[in-house]
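The numbers in our numbering rise by one with no breaks, and the one at position 766 of the sequence shown is 782.
Everything below concerns the one structure shown next.
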Amino acid sequence: MELNKLHSTVITVMKDRGNFIHEREPLLFLVGSWYHKWLSSDAKELALKIPCYHKEIMPLLIEYQYWLDLLIRIMAIGPVIDQSGASLFDVRAYRIADRYQRQQTDFLIAHHSTDHKSHRFAQDIQISTDRFLPLFRSEQIDGRKEIVADAFALLTVIGRDNLIPYAVMLDMERDLTLFIKQTAEHFAEKAFAQMLCTEDFRHDHDHRDAVLDALWEADLQRCVVFTYPYHVDVSAAVINEFRGRSKICRIALSNRFTHMEVEPQDLLLTRAEIGLGKEDDILHVTDRFSIKSTDCGPELIACLRALRYEWNVAKFSAFTSPFPVKWLLCVHHGHTIDHWKTQFKRDYPEISGQLLSNCWHIIELTHELNWIDRFILSDPHGTVVLPRSMVHKEIIFSLQEYLDARFKHVVLSDEIDQALTQGGRVYLLDAFNIILLNNITFSDDPENLQIVVPDFLFYTYQPFTRYLALKHHFDALTGGLREALDERYPVRSDQWKILSENVLRSSRAALRAFNNVLVVNDEEEQLDDQPGTITDLSSAELVERVAVKERKSIERKPPEHLEILTSGGKCTLLATAPVLISQNGTLIRTIAAVLDPGTLFVPIDEVIKNMDLKNMVDRLITLSDEARNWHQHLKELEEQDANIFDTLKRQGLSVSKQTFEKDYLNNHSSLVELHMPRAKQDWMLICQRLRIGDSRTAWNAVKCQEDINLLKAIYSQILTLMIDTESFGVNVSDLVLEQITTLLAKLPDPGVNAKENKKDAIALINEICDKVSLQKIEQINPITL
């Protein structure tokens, strides 16, 4: 049967069941087409990665995939030959029966005989041999009547359209598909399939092995694994169990288009392929670079190239001490040189001695150059898009405040989609963010976008950025299983060959011209010598990459024990021991096998052992100085930026200017009572602007002033739950998250809806984890005990 007919049949089933969203049909068809091609190929594994995720997609995708897979299998079954023991299942009688009747009746109608014209069954039932007829083995129905009746949603459509003009024997114990997902949500028991929820044994390897042993005898011909943001915990041990005996398809949803190395089994869909933007968007993006000629002089270039070399030799962590290209980009004349030196020392505490002196000298030269005021010209109708940084937030906010009065909007990079739809020019100051560049979609004229970068940073940090942005895109179109499954592979491969040569040639020529003007050497022209590009991954993407690293470490069979040396001493851990690591300011739970020198980490056992419940509760209900003195800090900010009210108003502040000046800029609090904004969203905006880290715990503490014991009790229950389940980091289980959400809903002034309460639960977990002390790994040695 052709794919179009398979797809339309499945969509009919979903519509009949009331489980269909029309807008998602193109995505479902795309998934179905690649799955169908893969099943017809010799490839044993497929990792289909889709840069699109909304909560509504997952239940649709699971149902679509189940019905499509089942339809393909039924279409492959030939006409039944041996009908002995065969029966019809009386689905109509089952559906109108009450619960007692369903328990006491088998609803089977036995087969009697067949000739060339008809099949005859008990109850004087006679059916033509040229009609579709699903037959079952009587002994397989007992205990499965409900899921068999559910399968008739598809069987009825097949029969109605007579897609199969003969009788088939449906075996419920052979040629099955195993569906695997981290959580049980949207994962109901199904006929002709097995469902495996890895959350059931997330941190219990013995239980995991017992579950996998129980599946060993099952005839599982295919495995379909679903992952989506924060729900990627399907361990390598589970996949390895079926590798070699089943075809394995992994369907991975993500919030945007991003990838690391393209594996042989990968098939990475681009945004254009799923209907988000056009194929040539990335070509337009790479044409929109505006490299500003700053007349910086050879001294700054020589200093930056020397610093880059020293940085690489020192091997600083890319997460805690990234090369300061983004930091230097933000240096402006709103602060003195001494301020910037102090800020750099605060942001880079690991830097000292001569290296720190070199950095300070570069700051002096950059400040003197004043590239921001010279080249970022005011545009009251335009929007500036700044890079986001999890580790250096202050310097980004400083530039945001400095530019705010000169533009209609000054936003961060995750708001670029809105910026491009609001009209006016968009000035992007995040030129090295390869993933961001690959996720820009134009709804209007591409000419409205300018990717602004000063030459002294572009030609010293990554002069081949345009090539790397294009490569990220074309790696998806030409790598992995594309050659085997994609009929457009030859065209795209040829296109990339020509395009890459042209872009590399022009990039080298531009770098040569820049070096010649400054009378510096040409040694920087080799692409291989360039540092890694900025990716600025989201928390969900960091969790996914840690999970991939975890799976790969297990596949490599790591040593059983690791000796880990830190500045505070040493410890010995099992490679499978749970640990908490910091990645770009995000705390993630994983295993010791993924640890690298330079990583900030702590064993989960240490977190639990050192957790003083009473002390932690007291810390959570105690406001930070920043939160307690928010009026004063907001007043100081208003003195520096007279437009602060207008800026906050654009961002969603709900109060009038009169109220802002009366209640926000003036402190009416006492020693016993702290006044806060009435609206929670207003408080969150203030905290974001003032960089108050304990925004939600401070809100809870103030709103519970009259019943602080209730807040203490709820925090104690939450901490006990986290300790008992070892739930630390952003990737806690859905079950734990739901329990914490339920507890927080008991507080005065809970979120306006379940989604808001869940955000509060995630934020509280993060604030608790932020109080955990981490240590930097200096060395890791595999050992044998």
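Backbone N, C-alpha and C define an ideal beta-carbon position, used for all residues, glycine too.
Whole-angstrom distance between Asp122 and Ile157, CA atom to CA atom: 8 Å
For Asn683, three-class secondary structure by DSSP: coil
C-beta atoms of Ile620 and Glu742 nearer than 7 Å: yes
Beta-carbon proximity check, Leu444 vs Ile467, cutoff 7 Å: yes
Span separating the alpha-carbon of Ser670 from that of Asp776: 20 Å
Cβ separation of His127 and Ala102, assumed to be a contact under 8 Å, to the nearest whole Å: 4 Å
Spatially closest choice to Glu677 from Asp662, Arg666, Gly668, by CA coordinates: Asp662
Per-residue burial, Tyr325 [other beta carbons within 10 Å of its own, 16 or more giving buried]: exposed
Coarse secondary structure for Pro75, derived from DSSP in three states: helix
Cβ neighbours of Ser49 in the same chain (closer than 6 Å, five flanking residues each side left out): Leu19
Check whether Ile793 and Leu611 have beta carbons under 7 Å apart: yes
Spatial neighbours of Phe258 in its chain, beta-carbon cut-off 8 Å, leaving aside the 5 residues before and after: Leu194, Leu236, Cys239, Ile264
Nearest-angstrom Cα separation, counted from Leu22 out to Asp786: 51 Å
Close-in-space but distant-in-sequence residues of the same chain around Arg644 (CB under 7 Å, 5 per side omitted): Leu690
Whole-angstrom C-beta distance between Leu436 and Asp460, which should lie under 8 Å: 7 Å
Per DSSP, the bridge partner or partners of Phe123: Answer by DSSP bridge pairing: none, since Phe123 is not bridged.
Continuous alpha helix (DSSP H) assignments of at least 4 residues falling wholly in the segment 377-404: 387-391
Nearest neighbour of Ile784, chosen from Phe490, Trp54, Glu155, Leu603 [CA to CA]: Leu603
Three-state class that DSSP yields for Asp545 in the structure shown: Confidence at Asp545 is low in this model, with a pLDDT of 44, below 50, so the placement of that residue should be treated as unreliable; the coordinate-derived value is given next. Helix, per DSSP.
Contact set for Pro181: own chain, Cβ-Cβ below 8 Å, skip 5 residues either direction: Asp146, Arg147, Phe148
Every unbroken alpha helix (DSSP H) inside the segment 546-591 [4 residues or more]: 555-571
Supposed contact pair Leu151 and Glu107 - C-beta distance, whole angstroms, cut 8 Å: For clarity, residue 107 is Val in the given sequence; the question names Glu instead. With 8 Å as the limit, Val107 and Leu151 do not qualify as a contact, their Cβ atoms being about 13 Å apart.
Rounded separation between Tyr477 and Val469 - CA only: 11 Å
Boundaries (first-last residue) of the beta strand (DSSP E) holding Tyr443: 442-444
Residue closest to Leu501, alpha-carbon to alpha-carbon, out of Ile27, Asp32, Lys60, Arg40: Lys60
Outcome for Ile267 when other beta-carbon atoms lying within 10 angstroms are tallied against a minimum of 16: buried
Residues near Leu415 by beta carbon distance below 7 Å, same chain, minus five either side: Cys346, His348, Leu402
Thr193 - partner residues in DSSP beta bridges: Ala209, Arg238
Three CB pairs or more closer than 8 Å across the segment 489-507 and the segment 323-342: no
Residues of its chain near Thr28, where Cβ-Cβ distance is below 8 Å and the 5 sequence neighbours each way are ignored: Val173
Leu285 to Ala447 span [Cα, whole Å]: 23 Å
Cα-Cα separation, Gln370 to Ala318: 16 Å
Other residues of its chain near Tyr418: CB distance less than 7 Å, five sequence neighbours each side excluded: His348, Gly350
Pick from Leu581, Gln599, Glu571, Ser583 that is closest to Thr592, judged by C-alpha positions: Glu571
Beta-carbon proximity list for Asp430, same chain, < 7 Å, skipping 5 on both sides: Arg404
Presumed contact (8 Å Cβ cut-off) between Val595 and Thr606, rounded CB distance: 6 Å
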